[in-house]
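S.K.: The first sequence begins at 285 in the numbering used here and counts up one residue at a time. One structure coming up, written as structure tokens, with questions to follow.
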Amino acid sequence: MLGDTAVCVHPTDERYMHLVGKSVKIPLNDRIIPIIADALLADKEKGTGAVKVTPAHDPNDYACYTRNPEIGVINILNPDGTLNEHGGEWEGVDRLEVRGKVVERMNELGHYEGVEDRVIPLKHSDRSKTPVEPYLSDQWFVRMGDDEDGKPGLAQKAVDAVEDGRVRFFPSRYKKTYTDWLAEKRDWCISRQLWWGHRIPVWSKTFNNSQKAEETVKEFSSRWDDYCWRISESDPSTVLMCIDHQDEDIMEAVEKMLKTEGYVQDPDVLDTWFSSALWPHATLGWPDLERNPPLDEEELAKQTQSLSTLAPGPSTENKVLPYFYPGSVLITSRDIITLWVARMVLTGLYNMDDVPFQHVHVHPKILDGFGQTMSKSKGNGVDPVDLIEKYGADAIRFTIASFAGETQDVRLPISYECPHCGEMIAPKQYKVATSTLVVPSTMKGDFPVPQGAPKPTLVCSNKKCKQESQFTTPLYDPDEGAAVAKMVSERFEYGRNFCNKFWNAARFAMMNLVESDNGAGYTPDEVTEDQLQLEDRWILSRLSTVASEMDEYLGRYQFDAATRAVRDFTWNEFCDWYLEMIKPRLRDAKSRAVAQRVLLSVLDSLIRLLQPFTPFICEELWQRLKEIAPERALPVSSPGDSPGAKLTTQSVADACINASWPTIPSSWQDEALEKRFARLQDTIVAVRNVRAIYNIPPGTSIKLLMRTAADVAGDMESVASQFENLAKAVLEAAGADVERPIGAASFSLGDADGYIPLEGLIDTAEELERQKKKLAEVEKHIKGAESKLNNEKFVNNAKEEVVNGVRETLANQQSQRERIVEIIRDLS
RNA sequence: GGUCGCAUAGUUCAGUUGGUUAGAACGCCUGUUUUACACACAGGAGGUCUCCGGUUCGAGUCCGGAUGUGACCA
């Protein structure tokens, strides 16, 4: 009320329209203020419909003042929250106290009608939790708008850099966040009233009159023409001076001079984002363009190797800056696209006349299991060090990379780990006062903890344990020496299991690369096409496909897809099929050498592909393999060098981290071969399925007959040993005229039928049931395909290849149906 | 209030320009100490893709709306 400068009503409010233009008196200090009409501020429905206007201490009222500048502004607060001279008798008293006093005084004066409770949005300081008092103050701004002559200003230039593709966002939708915000071109307030930060390099002195100030500017501008001297816009008798010099001695001398002349440095520091915006070039020595950035001796020695092209040692030119600026990619979180990314671009354009980076990759944010941002104050975060101890650094990195897709956020449900038995205890949300915390679901005790009372504990839910422990929470520090339940997330088992799998696969490979009872150690030699077995050609085809997929995904920053591709290949193809299939060859002296060479070649590529995600394991394996095979058969880097050879002998880098990224020839990809291989896999799975259904012990060998066309039969026969190896089934016969034996289990694939004689073991009723189920499935699909093909519109409108695809499927399904029907007839 | 997301199996997530039977991991069920790996292997169950409407021969996918949920900005 003490700072009010008007009373505002709605311009269409009939109750008050006649009062607009008149004045009222503030009873507290007898100040006269006008009654004004403002449609944006006043709301006829709320309260009396008339609202007091306090421009200095309310953003909405300030906006009203800018529309009605004649009402003026009165700032009634001191920086410490007490009232200033406009507070009258309450000058120097804290605002909180004055609020009560004002009500009392109004009552005394007979103007008190009552107090009404009302919920209002009130911002609080994040640090002190005190309500924020809006307050008018002088601040430093950087102008974002265009120049007066219409040339693009800082904001527009930064928008242009993204619009014309000099800077690209991944995922691209974040471009909008950036350009929308910059397009507002709001001036950037860069001053902060804090202790920590770059101090604003502006000095000032207030003279007795403006003439003296002007003379000073003239005189000093010619004497110190490196620096910027100005008359303050808000006070014509104040001189401002901006100091900046990269030479510390000169800086010191200038500061000394300023102090003797009576100049004072601005007490504010720069906005943290202003300082951060300098990062891409300031870290590379800017603004010193004469010398490379300072490095300590040891560091310099290391750097000179990789930076040898940059003329190490003393130089008269900063060569590091042009070498590293602009950078290639900035990886960041979406909540600082405006604060940091935009500021880096516009600052880089201003200082360096170039963008700071070409790509901006915005990664998802990790939320807890309840969908909340992880934060210390909620107590729902995980400590990476705890995770690394529990799961391993590579496992964490691999798992995190597998989260990093194009979505906005990912959930990471956390649990508490009982320090006594390792049991995982689920969390729950828990309300304390106004905040929601995360605590163990089995928490014993309550918050807040009364003085001297025991701290709440986690009670282990494992019936064999039931012990109590303290837990990580923002509400108390654990007692010294107390058992503390760590917060972990079982989702990291994904990465841990994979790392373990990969490690064991490599271990298996190494066991078979050295001399052992199984045969000789690794010998490097080239591998030619005709030495390759079906499984070799298959794994090399798959490797080539996966490597090219990885290139594509990494180029788009789709780390989740990249980890999935390499994991699936490693686990489901390399381990589950390839390693199993070559085991017999590794035991056979005649075929061992070639199998070793192909195996190591694939493993070598795999280690390189996995290096970005599991660097520690990869380096360890690399070093061990280098002992076994410093030279090895690897994909021919430039075809034509060694015609006929698929793999040639090459030496490898000292360390995995220095090894080149694998380039697998795309000509290795063989779709037809992969299809043939898939049929073999399907057959083996079908045989295993029969074994599982009839509970045939793993040691028992079974017979297999395949009825199929001659070419497929030939394929089957050529890999007959693998049926034995992978399904313990002996291929008795394969061909078009194979008959289904009596008392056999059957399975039907797209273009082949399999029969497994199980005399005595077979349960006819159960087998019939199984076949009928399968028939129903096939018929469902046939029906679907038929209804499509009977639909004229589909046949006429759909792409030809789609229609043909459906026809092909239908034909396959129909022939499969026939065969199942046959089997059912035999069984019945 | 404005803008940008998300909603698919019990859970956490894939699903590229609309087009064969919607996939994975974990969990669950059955079996296996098979000499790399039980943090494993083999097999299996589990989804009317949040709801309503539209476009289309055809929608998890495109459009509109609703509901829930998240972020940024005001």
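Using N, Cα and C, we set each Cβ at its ideal position, and we do this for glycine too.
1. Would you check if there are 3 or more beta carbon pairs closer than 8 Å linking the stretch 357-365 to the stretch 419-435?
2. How far does the beta strand (DSSP E) with residue 714 in it extend, from its first residue to its last?
3. Per the contact definition of three or more C-beta pairs closer than 8 Å, is the stretch 992-1012 in contact with the stretch 939-958?
4. Whose C-alpha, out of 760, 567, 916 and 656, is nearest the C-alpha of residue 805?
5. With the cut-off set at 8 Å, would you say residue 1105 and residue 1029 are in Cβ contact?
6. Determine whether the beta carbon atoms of residue 489 and residue 522 lie at a separation below 8 Å.
7. With respect to the beta strand (DSSP E) encompassing residue 291, which residues constitute its N-terminal and C-terminal limits?
8. Residue 1061 and residue 1111: beta carbons closer than 8 Å?
9. Measure the Cβ-Cβ separation of residue 1024 and residue 1039 and say whether it is below 8 Å.
10. Considering only residues of the same chain and omitting the five flanking positions on each side of residue 371, which have a CB-CB separation below 8 Å?
11. Tell me the start and end of each unbroken alpha helix (DSSP H) in the stretch 992-1071 that is at least 4 residues and wholly inside, in chain order.
12. Cutting at 7 Å between CB atoms, please list the residues of its own chain near residue 671, excluding the five before and the five after it.
13. Tell me the rounded alpha-carbon separation between residue 1006 and residue 919.
14. Entirely within the stretch 534-562 and at least 3 residues each: give me those beta strand (DSSP E) ranges in chain order.
15. Could you tell me if residue 962 is buried or exposed, where buried requires 16 or more neighbouring beta carbons within 10 angstroms of its beta carbon?
16. Can you find the residues in the same chain that come closer than 6 Å, C-beta to C-beta, to residue 902, ignoring five residues on each side of it along the sequence?
17. Can you give me the C-alpha to C-alpha distance between residue 484 and residue 538, rounded to a whole angstrom?
18. One question on the structure: do residue 700 and residue 742 come within less than 8 Å of each other, judged by their Cβ atoms?
19. Kindly give me the distance between the Cβ atoms of residue 1113 and residue 414, rounded to whole angstroms, as I take these residues to be in contact under 8 Å.
20. DSSP beta-bridge partners for residue 490?
21. Look up residue 453 in the DSSP assignment and give the residues it is bridged to.
22. Tell me whether residue 513 sits in a helix, a strand or coil according to DSSP, three-state version.
23. Could you tell me the alpha carbon to alpha carbon distance between residue 343 and residue 398, rounded to whole angstroms?
24. According to DSSP, is residue 367 helix, strand or coil?
25. Can residue 299 and residue 333 be called in contact, C-beta distance under 8 Å?
26. Identify, in the order they occur along the chain, each residue of the same chain with its Cβ nearer than 6 Å to the Cβ of residue 658, setting aside the five sequence neighbours on each side.
27. For residue 493, does the count of other Cβ atoms within 10 angstroms reach 16, so buried, or fall short, so exposed?
28. Any idea if residue 740 is buried or exposed, counting beta-carbon neighbours within 10 angstroms, 16 or more meaning buried?
29. How about residue 650 and residue 614: are their beta carbons less than 8 Å apart?
30. In three-state terms, what does DSSP make of residue 660?
31. Residue 983: buried (16+ other C-beta within 10 angstroms of its C-beta) or exposed?
32. Between the alpha carbons of residue 335 and residue 354, how many angstroms are there, rounded?
33. In the DSSP assignment, find the unbroken alpha helix (DSSP H) run with residue 827 in it and report its ends.
34. Pairs of beta-carbons, one from the stretch 436-451 and one from the stretch 509-520, closer than 8 Å: are there three or more?
35. Can residue 453 and residue 644 be called in contact, C-beta distance under 8 Å?
36. Sorted by chain position, which residues of the same chain lie with C-beta nearer than 6 Å to residue 487's C-beta, five sequence neighbours on each side aside?
M.R.: Reading it off the structure:
1. yes
2. Start at 1 with the first residue of the first sequence, and residue 714 comes out as number 430. First-last of the beta strand (DSSP E) with residue 714: 711-716.
3. no
4. Taking the first residue of the first sequence as position 1, residue 805 is located at position 521. Comparing Cα positions, the closest option is 916.
5. Within the first sequence, residue 1105 is the residue found at index 821, counting from 1. Within the first sequence, residue 1029 is the residue found at index 745, counting from 1. No. Outside cutoff.
6. Working through the first sequence from its first residue, we reach residue 489 at position 205. Working through the first sequence from its first residue, we reach residue 522 at position 238. For residue 489 and residue 522, yes; Cβs fall inside 8 Å.
7. Position 7 of the first sequence, counted from the first residue, corresponds to residue 291. Residue 291 -> beta strand (DSSP E) spans 290-293.
8. Here residue 1061 is taken as the residue at index 777 of the first sequence, counted from 1. Here residue 1111 is taken as the residue at index 827 of the first sequence, counted from 1. Contact: no.
9. Translated into positions along the first sequence, residue 1024 becomes position 740. Translated into positions along the first sequence, residue 1039 becomes position 755. Yes, Cβ-Cβ distance for residue 1024 and residue 1039 is below 8 Å.
10. Taking the first residue of the first sequence as 1, we reach residue 371 at position 87. For residue 371, where only same-chain residues beyond five positions count, the Cβ hits under 8 Å are 286, 360, 377 and 382.
11. 994-1002 and 1004-1011
12. Against the first sequence, residue 671 aligns to sequence position 387. 680, 772 and 776.
13. Sequence index remark: in the first sequence, residue 1006 carries index 722 (1-based). Sequence index remark: in the first sequence, residue 919 carries index 635 (1-based). Each residue's alpha carbon lies about 26 Å from the other.
14. none
15. Here residue 962 refers to the residue found at position 678 of the first sequence. With fewer than 16 Cβ atoms within 10 Å of its Cβ, residue 962 is classed as exposed.
16. Here residue 902 corresponds to residue number 618 of the first sequence, with the count starting at 1. Answer for residue 902: 891, 894, 895 and 940, listed in chain order.
17. The sequence position of residue 484 within the first sequence is 200, counting from 1. The sequence position of residue 538 within the first sequence is 254, counting from 1. Rounded to whole angstroms, residue 484 to residue 538 spans 15 Å at the Cα level.
18. Translated into positions along the first sequence, residue 700 becomes position 416. Translated into positions along the first sequence, residue 742 becomes position 458. Yes; because the gap between Cβ atoms is below 8 Å, this pair is in contact.
19. The question about residue 1113 has no answer here: the residues shown for the chain are numbered 285 through 1112.
20. For the purposes of this step, residue 490 is identified with residue 206 of the first sequence, where counting begins at 1. DSSP output for residue 490 lists 522 as bridge partner(s).
21. Looking up residue 453 in the first sequence gives position 169. Paired residue(s): 644.
22. Taking the first sequence and counting its residues from 1, one reaches residue 513 at position 229. Residue 513: strand per DSSP, three-state reduction.
23. The residue given as residue 343 occupies position 59 in the first sequence. The residue given as residue 398 occupies position 114 in the first sequence. Taking the straight line joining both Cα atoms gives about 26 Å.
24. Taking the first sequence and counting its residues from 1, the one referred to as residue 367 is at position 83. The answer is strand: DSSP assigns residue 367 an E or B state.
25. On the first sequence, residue 299 is found 15 positions in, with the first residue counted as 1. On the first sequence, residue 333 is found 49 positions in, with the first residue counted as 1. Contact flag set, yes.
26. Residue numbering aside, residue 658 sits at position 374 when the first sequence is read from its first letter. Once the five neighbours on either side are set aside, the close Cβ partners of residue 658 are 652, 664 and 665.
27. One-based indexing of the first sequence puts residue 493 at position 209. Label assigned to residue 493: exposed.
28. In the first sequence, residue 740 corresponds to position 456, counting from 1. Under this definition residue 740 is a buried residue.
29. In the first sequence, the residue the question calls residue 650 occupies position 366. In the first sequence, the residue the question calls residue 614 occupies position 330. Going by C-beta atoms, residue 650 is not nearer than 8 Å to residue 614.
30. Translated into positions along the first sequence, residue 660 becomes position 376. Three-state DSSP puts residue 660 in coil, outside helix and strand.
31. As a position in the first sequence, residue 983 is number 699, starting the count at 1. Exposed.
32. Reading the first sequence from its first residue, position 51 is the one you call residue 335. Reading the first sequence from its first residue, position 70 is the one you call residue 354. Distance between the alpha carbons of residue 335 and residue 354 is about 17 Å.
33. Against the first sequence, residue 827 aligns to sequence position 543. 818-839 is the extent of the alpha helix (DSSP H) around residue 827.
34. no
35. Here residue 453 refers to the residue found at position 169 of the first sequence. Here residue 644 refers to the residue found at position 360 of the first sequence. Taking 8 Å as the Cβ cut-off, residue 453 and residue 644 qualify as a contacting pair.
36. Within the first sequence, numbered from 1, the residue matching residue 487 stands at position 203. So the list reads 525, 542, 547 and 549, once near-sequence residues are dropped.
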